[in-house]
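Just so we're aligned, residue 3 is where the sequence shown starts under the working numbering, counting upward by one. C-beta: ideal position from N, C-alpha, C; glycine also. Since the model is a prediction, treat every value here as computed from it, not as a measurement. Some notes on the structure that comes next.
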Amino acid sequence: MKKKHYLLIIAGLVILNILTFSVILLKPHWLQSNQEKVASIGNDSISRQEWLNEMEARYGESILKDLIDQRVIEQMAKKYNISVKDKDIDRELTLLKTTTYTQGQNQNEEKLRQQIKYSLLLEEILTKDAVVSNKEMKKYYNQNKSLFVVPTSYHLSQIIVHTKKEAEQTIKELAQGSSFSVLAMERSIDEFSANQGGDIGYVNEEDERISNDIMEKIKDLKPGKWTQQYKTDEGYAVYLLHERIPEKKYSYKEVKNQIRRQLALEQMDMSVSADIFWKEAKVEWFYGNKKD
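Structure below.
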């Protein structure tokens, strides 16, 4: 259930990113000709309008639905006097960041917080009339305490190169002010992390991606600083520390309402979706009449 919850949050974040990108593209469109070229291929070209039409065809419905869902959630939360606390958003954000890698999570934290807020509000609205006994909730907590423990975690980026000489040159350029993410994209041989500017998300002592010896060195880093080069199975690696999250064990009191929502949703056996409230909110949209 919790994994599905986080996948919904990440999906919402992806849609928010697409929406933001679309707005950036649309603004010049209002001011410039529809036939402005955005690409040329020999004697052929692609106009801004063709580009926007294709984006609308691919993403238009999902983006509009997400915007509608957000407004529906806001209206239903106001109608039923439901709200979520910042500390609950903070806890969900910490759990999400340390358990699920999301591309660009460091730069998109505010968007993540927004998506978490809508997700929690929706769960609260859906379960507002549900009754779950204290005995059930305590039993779940005692059987799943590990779910509510965040080990000390480190948000890292890496650059992996073939030789020690390349690694030393990389460290020299970093000291001269070069961007870690740019160097990672230019020269790191780890293709996945290189495409993310070196970002590998959060790791802890149990993570097999980082050896115990290197982890001991990373523990001594200050955020914004990088390590010396270390020999790994892939080559020579340099690590940058973005953020350290101290170990946190959430008490039953802190997560009681989270458990109540989770157990209630399992008992109700329903999808966590705002669709059910569209009729109540009197929604009409471009892609059809009222949604059932």
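The beta strand (DSSP E) enclosing SER47, as first and last residue numbers: Segment 46-49, the beta strand (DSSP E) holding SER47.
For ALA186 and TYR232, what's the separation of their Cα atoms in angstroms? Taking the Cα positions, ALA186 is about 16 Å away from TYR232.
Inter-stretch contact at 8 Å, needing at least 3 Cβ pairs: the segment 121-129 / the segment 75-90: Short answer: they touch.
So what does ILE75 bridge to, in DSSP terms? Beta-bridge partners of ILE75 (DSSP): none assigned.
I want to know whether the segment 147-154 touches the segment 205-217 - three or more CB-CB distances under 8 Å. Verdict: yes, contact present.
Count the other C-beta atoms from every protein chain shown that fall within 10 angstroms of the C-beta of SER190, then say buried if there are 16 or more, exposed otherwise. By the neighbour-count rule (16 or more Cβ atoms within 10 Å), SER190 is buried.
Can you tell me which residues form a DSSP beta bridge with GLU245? Residue pairing of GLU245 in beta bridges, as defined by DSSP: HIS157.
What are the uninterrupted segments assigned as alpha helix (DSSP H) that are 4 or more residues long and contained completely in the segment 190-249, given in chain order? The DSSP assignment places 193-197, 214-221 as complete runs of the alpha helix (DSSP H) inside the segment 190-249, in order along the chain (cut-off: 4 residues).
Hey, quick one: how far does the alpha helix (DSSP H) through ALA169 stretch, first residue to last? Under the DSSP assignment, ALA169 falls in the alpha helix (DSSP H) whose first and last residues are 166-177.
Look at the alpha carbon of LYS251 and the alpha carbon of HIS157, and state the distance between them as a whole number of angstroms. Each residue's alpha carbon lies about 19 Å from the other.
To test your reading of the DSSP string, which unbroken beta strand (DSSP E) runs of 3 or more residues are found completely within the segment 54-141? Here no run is fully enclosed.
Nearest-angstrom beta carbon gap, ALA41 and ILE48 [assumed within contact, 8 Å]: Contact between ILE48 and ALA41 is confirmed by a C-beta separation of about 4 Å, below the 8 Å threshold.
Just to check my reading of the structure: THR100 and ILE247 have Cβ atoms closer than 8 Å, yes? What is that Cβ distance to the nearest angstrom? THR100 to ILE247, Cβ: 6 Å. Contact.
Let me know the secondary structure DSSP gives LYS258 once reduced to three states. Note: LYS258 maps to helix in three-state DSSP.
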